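Notes follow the structure.
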């Protein structure tokens, strides 16, 4: 796997190829069971029949922070959920790591960030990150209504943690709009960028 290092706000971040994980574009996405920020159990397969977006998230990632600060991420979440889609924010930081949030802190941050996602998902065990090969935040996955992985990789082509990402080419927006219009997804994979996700031991 080839990768190169980016520096953003003094944080070393990784740009990694999309082929490291267990998931393959065009194949059924792996199911998972996890708890949301309200302690409710959810299963990915419960959303069969809907377009689903998975967003790998870390509150301390400067790339994530820029997408929320600009309003880009909440706006995109709202565009998906308002049309019947599902958006799951996957938080894989483990207890003891700076980005970890327990359920109460997650609910508070969900509101503070202005999130319009369906819910925040606790992946502090790292099980989802391992299944999907999540290496960076924000790494994105778009599933079609049949549960097939239609897109994976970067949210856009703005691989820096500063500037206005609303001016970038947004691959997630493009994928979702294509699926909703019953058109082929024109870009199915891109190299994700962002802050590295530390795997659970």
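In this note's numbering, the protein residues as written are 969 to 1169.
From the three backbone atoms N, C-alpha and C, an ideal C-beta is built for every residue, glycine too.
As the structure is a computational prediction, the values presented were derived from the model and not from experiment.
- Taking 4 residues as the shortest admissible run, the region 1054 to 1098 contains the following complete alpha helix (DSSP H) segments, listed from N- to C-terminal end: 1071 to 1080.
- Relative to residue 1106, the option among 1115, 1112 and 1139 whose CA is nearest is 1139.
- Under the DSSP definition of a beta bridge, residue 1157 partners with 1120.
- Between the C-alpha atoms of residue 1096 and residue 1108 there is a straight-line separation of about 13 Å.
- Taking every protein chain shown into account, the CB of residue 1001 has fewer than 16 other CB atoms within 10 angstroms, so this residue is exposed.
- In the three-state scheme derived from DSSP, where H, G and I count as helix and E and B as strand, residue 1014 is classed as helix.
- Counting along the chain, residue 1107 sits inside the beta strand (DSSP E) bounded by residues 1107 to 1111.
- Between residue 1164 and residue 1104, the C-beta gap is smaller than 8 Å, which places the two residues in contact.
- By alpha-carbon distance to residue 1133, the top candidate from 1017, 1023, 991 and 1033 is 1033.
- With a 10 Å radius around the Cβ and a threshold of 16 neighbouring Cβ atoms, residue 1087 comes out buried.
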